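Engineer:
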Amino acid sequence: MAERPTRAAHQLGHRERLRERAKAGGLVALPDYELLELYLFRTFARGDVKPMAKALLARFGSFGATISASIEDLKTVQGVGETAAIDIKLLHEAALRAGRDKIAKRPVISSWTALLGYVRVALANEPREQFRVLFLDNKNQLIADEVMNHGTVDHAPVYPREVMRRALELSSSNIILLHNHPTTPFSIPLDHAQYC
1 MAERPTRAAH QLGHRERLRE RAKAGGLVAL PDYELLELYL FRTFARGDVK
51 PMAKALLARF GSFGATISAS IEDLKTVQGV GETAAIDIKL LHEAALRAGR
101 DKIAKRPVIS SWTALLGYVR VALANEPREQ FRVLFLDNKN QLIADEVMNH
151 GTVDHAPVYP REVMRRALEL SSSNIILLHN HPTTPFSIPL DHAQYC
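Note that UniProt numbering numbers the sequence shown so that position 136 is 136, with each residue one more than the last.
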């Protein structure tokens, strides 16, 4: 069970001050730990969650890696219980859906920027290699985004027969094959992006 954060005298009014700073400068002006802290206010109605936000970022290394971490891994951070872990995962799912919405109703190939942005969110902080396929219709609109296989830290098996079977099931005219390398910084040169 998660420990309740405590509130010290110097913390009185901290939440309101942080909300005011977010309103005045916009959320983009907040450092990662304060953005996460602001979000954690919803999970923990009282108490100081700044140490928890900082501990999460220290444990996982970045905001993106924190929200991409598994529920079990999130719960290894002191004070993070099941509810807080699920709430943090909600941020990851929201980011995935927002990215998917950007490419779902428009031709994917005519919008490389949106496609690469979506791919970065979907794959950037995965701890294991994935082989993922975007299935497109004849207008290059997204039908489905599916992880075809998970691998280990250094490989993910690919079964072309399974990819083709699924493409036929979905009546997909085109596919985009995606594969990540979790041990290297994330970037996709256009010559590495494969479009079939």
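For every residue, glycine included, the Cβ atom is placed at its ideal position computed from N, Cα and C.
Note that the structure is predicted; figures quoted are calculated from it, not measured.
Using CA atoms only, rank isn't needed, just tell me which of Leu18, Pro182, Leu96 is closest to aspartate 145.
Structural biologist: The count along the sequence shown starts at 1 and reaches residue 145 at position 145. Among Leu18, Pro182, Leu96, the Cα nearest to that of aspartate 145 belongs to Leu96.
Engineer: Rank Arg15, Ala55, His181 by C-alpha distance to the C-alpha of residue 210 and give the top, closest one.
Structural biologist: This structure leaves residue 210 out entirely; the chain is present only between 1 and 196.
Engineer: Going by Cα to Cα distance, which pick from Ala58, Arg120, Asn140, Lys50 is closest to leucine 178?
Structural biologist: For the purposes of this step, residue 178 is identified with residue 178 of the sequence shown, where counting begins at 1. Measuring from the Cα of leucine 178, the nearest candidate turns out to be Arg120.
Engineer: Which residue wins for smallest C-alpha separation from proline 51, given the options Tyr33, Asn140, Arg19, Leu27?
Structural biologist: Counting from 1 along the sequence shown, the entry for residue 51 is found at position 51. Ranking the options by Cα distance to proline 51, first place goes to Tyr33.
Engineer: Rounded C-beta distance between glutamate 72 and alanine 53? I'm assuming under 8 Å.
Structural biologist: Start at 1 with the first residue of the sequence shown, and residue 72 comes out as number 72. Start at 1 with the first residue of the sequence shown, and residue 53 comes out as number 53. With a contact defined as Cβ atoms closer than 8 Å, glutamate 72 and alanine 53 miss out at about 19 Å.
Engineer: Measuring CB to CB, does residue 231 end up less than 8 Å from leucine 35?
Structural biologist: The displayed coordinates of the chain run from 1 to 196. Any statement about residue 231 would go beyond what the structure contains.
Engineer: Using the beta-carbon count (16 or more within 10 Å), is asparagine 138 buried or exposed?
Structural biologist: One-based indexing of the sequence shown puts residue 138 at position 138. So asparagine 138 ends up on the exposed side.
Engineer: By alpha-carbon positions, which one of His14, Phe44, Leu115, Leu123 ends up nearest to threonine 83?
Structural biologist: Looking up residue 83 in the sequence shown gives position 83. Among His14, Phe44, Leu115, Leu123, the Cα nearest to that of threonine 83 belongs to Phe44.
Engineer: Suppose you measure from the CA of leucine 142 to the CA of lysine 89; what does that come to, to the nearest Å?
Structural biologist: If you number the sequence shown from 1, residue 142 lands on position 142. If you number the sequence shown from 1, residue 89 lands on position 89. Roughly 24 Å between the two C-alpha positions.
Engineer: Use the C-beta contact count for valine 133: other C-beta atoms within 10 angstroms, 16 or more gives buried, fewer gives exposed.
Structural biologist: Here residue 133 is taken as the residue at index 133 of the sequence shown, counted from 1. Buried.
Engineer: So what's glutamate 146 in DSSP terms, helix, strand or just coil?
Structural biologist: Reading the sequence shown from its first residue, position 146 is the one you call residue 146. Looking at glutamate 146 - three-state DSSP - the assignment turns out to be strand.
Engineer: Taking 6 Å as the limit between beta carbons, can you name the residues of its chain near arginine 59, skipping five residues before and five after?
Structural biologist: Reading the sequence shown from its first residue, position 59 is the one you call residue 59. Once the five neighbours on either side are set aside, the close Cβ partners of arginine 59 are Val77.
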